[in-house]
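Asks: Right, I'll just put the structure down here and ask away after.
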Ligand code: SF4
Ligand code: SF4
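Residue numbers (the numbering used here): 408 to 735.
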């Protein structure tokens with residue numbers, strides 16, 4: 408990469424996520440020095456100081472690239488998504504949480520009250536003592552004035568359900584070499600058409616080197632129930648490998664270490680609902696025509712259908728969240 412060009416501006420922000428995507432940026436190793444040479448990093452809460460106030464003062468569109476990781480669960484995250492959108496020329500949904508909702512999106516199986524009950528109820532694993540059942544409030548009056556906390560929404564949204572997104576970089580977290588490719592593409596002005604996923608448009612199965620034959624599944628196993636052989640397709644051995652429905656780009660990392668793909672890259676191009684796609688793939692390999700037997704194979708082998716089929720994509724799926732039952 409040439410260092411003659413004037414430096415660009417790079418922002419990296421996190422919302423509802425674990426922060427692993429931000430850490431994965433450091434996995435590009437010594438190339439991080441090239442990033443520092445090519446960009447002024449104006450925001451990177453995980454790795455460097457940066458104030459929202461300073462971003463607010465910048466001209467609109469003055470940040471060349473924003474890698475935005477995390478889903479949108481609170482009013483503060485929503486504000487930051489809108490702010491970074493306004494200030495950035497290129498906004499990338501960076502990692503599975505921003506692209507698809509990922510693990511935080513599984514809380515869409517509950518509403519805010521159920522989430523707060525799980526976290527704050529006295530006796531819960533996170534709050535052993537809370538005799539007055541104190542819960543977070545958006546506003547609290549104290550003698551010195553009013554304290555504010557972000558509003559916690561009922562439903563987690565993906566970044567593109569909140570603001571317009573230019574590109575998607577999937578993965579939990581994205582692989583370092585794909586992050587590097589995205590940075591180079593921005594620097595060299597060689598970005599794909601707007602709205603594209605930066606990476607590969609095949610499935611993990613296409614990258615996987617395991618031997619494949621006819622798949623006839625009579626029983627699914629949990630990963631701890633069998634030690635699979637290291638050469639044959641894991642799905643053929645009864646492990647629910649999501650490689651058949653998952654976008655490639657990781658080099659089939661998990662099957663390489665004898666573990667099934669769990670779908671962290673989300674759906675491939677043209678698929679609107681990852682879980683539905685995976686389910687149809689699974690249905691096609693079950694070796695039975697008897698509805699009762701099929702029910703038994705699925706219910707015994709996939710005891711947590713949402714957590715298995717929509718582990719990374721519930722918020723982005725056609726379902727988006729569990730239907731709310733009207734009270735009263
Ligand atoms: S189903 Fe899994 S193990 Fe089998 S070929 Fe696809 S990625 Fe490889
Ligand atoms: S094999 Fe699947 S779960 Fe593992 S890193 Fe690749 S896409 Fe993610």
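Here a beta-carbon is modelled for each residue, glycine too, at the ideal position from N, C-alpha and C. Since the structure is predicted, the reported quantities are computational estimates derived from the model, not experimental observations.
Using a Cβ-based criterion (distance less than 8 Å to any ligand heavy atom), does residue 650 qualify as near ligand 1?
Replies: Checking the Cβ of residue 650 against ligand 1 gives yes.
Asks: What separation, rounded to the nearest whole angstrom, lies between the Cα atoms of residue 720 and residue 414?
Replies: Rounded to whole angstroms, residue 720 to residue 414 spans 36 Å at the Cα level.
Asks: What are the complete beta strand (DSSP E) segments, minimum 3 residues, inside the stretch 528 to 610?
Replies: Segments of the beta strand (DSSP E) lying fully in the stretch 528 to 610: 546 to 549, 552 to 555, 559 to 564 and 574 to 576.
Asks: Straight-line CA distance for residue 516 to residue 650?
Replies: Each residue's alpha carbon lies about 25 Å from the other.
Asks: Closest to residue 527 by CA distance: which of 541, 501, 698 and 659 is it?
Replies: Of 541, 501, 698 and 659, the residue nearest in Cα terms is 541.
Asks: Can you round the beta-carbon distance between residue 506 and residue 575 to whole angstroms, since I take them to be within the 8 Å contact cut?
Replies: With a Cβ gap of about 5 Å, residue 506 and residue 575 count as contacting.
Asks: Residue 494: buried (16+ other C-beta within 10 angstroms of its C-beta) or exposed?
Replies: It counts as buried.
Asks: Which residue or residues does DSSP assign as beta-bridge partners of residue 476?
Replies: DSSP output for residue 476 lists 421 as bridge partner(s).
Asks: So the candidates are 694, 679 and 634; which of them puts its Cα closest to the Cα of residue 621?
Replies: Closest option to residue 621, Cα to Cα, is 694.
Asks: In three-state DSSP terms, what is residue 613?
Replies: Correct three-state label for residue 613: helix.
Asks: What separation, rounded to the nearest whole angstrom, lies between the Cα atoms of residue 423 and residue 504?
Replies: Going from the Cα of residue 423 to the Cα of residue 504 covers about 7 Å.
Asks: Buried or exposed: where does residue 619 fall if 16 or more other Cβ atoms within 10 Å of its Cβ makes it buried?
Replies: Residue 619 is exposed by the Cβ-count criterion.
Asks: Mind checking residue 614: buried by the 16 CB within 10 Å criterion, or exposed?
Replies: Label assigned to residue 614: buried.
Asks: Let me know the secondary structure DSSP gives residue 487 once reduced to three states.
Replies: Three-state DSSP puts residue 487 in a helix.
Asks: Among 573, 654 and 586, which has the Cα closest to the Cα of residue 603?
Replies: Of 573, 654 and 586, the residue nearest in Cα terms is 573.
Asks: Please name the residue, chosen from 587, 490, 535 and 519, that lies closest to residue 437 on a Cα-to-Cα basis.
Replies: The residue with the shortest Cα to Cα distance from residue 437 is 587.
Asks: For residue 715, which three-state DSSP category applies?
Replies: It is helical.
Asks: Please report the Cβ distance between residue 435 and residue 545, rounded to the nearest whole angstrom; I am assuming they are in contact, meaning their Cβ atoms lie under 8 Å.
Replies: Their Cβ separation, rounded to whole angstroms, is 39 Å, which puts residue 435 and residue 545 out of contact at 8 Å.
Asks: Determine contact between the stretch 683 to 692 and the stretch 465 to 478, defined as no fewer than three beta-carbon pairs at a distance below 8 Å.
Replies: As far as the Cβ criterion goes, the stretch 683 to 692 does not touch the stretch 465 to 478, which means the pair count is below three.
Asks: Between the beta-carbon of residue 492 and the beta-carbon of residue 564, is there less than 9 Å?
Replies: Not a contact, by the Cβ cut-off of 9 Å.
Asks: Along the beta strand (DSSP E) that carries residue 496, what are the first and last residues, could you check?
Replies: Residue 496 -> beta strand (DSSP E) spans 495 to 501.
Asks: Under 8 Å, with one C-beta from each stretch per pair, do the stretch 649 to 665 and the stretch 603 to 612 reach the 3-pair mark?
Replies: Touching, yes.
Asks: Using 8 Å for Cβ pairs, my map puts residue 524 next to residue 731. What's the rounded Cβ distance?
Replies: Rounded, the Cβ-Cβ distance is 16 Å, inconsistent with contact.
Asks: Do you know how far the Cα of residue 647 is from the Cα of residue 659?
Replies: Whole-angstrom Cα-Cα distance: 15 Å.
Asks: Identify whether residue 680 lies in helix, strand or coil by the three-state DSSP scheme.
Replies: Residue 680 falls in the coil class under three-state DSSP.
Asks: Below 9 Å between beta carbons: does that hold for residue 483 and residue 543?
Replies: No.
Asks: Got a sec: does ligand 1 put a non-hydrogen atom nearer than 8 Å to the Cβ of residue 659?
Replies: Under cutoff, so the answer is yes.
Asks: With a CB to CB cut of under 6 Å and the five nearest residues on each side skipped, what residues in its chain are close to residue 708?
Replies: Here the set comprises 627.
Asks: Please determine whether the Cβ atom of residue 490 lies at a distance below 8 Å from any heavy atom of ligand 1.
Replies: No, the beta carbon of residue 490 sits no closer than 8 Å to any heavy atom of ligand 1.
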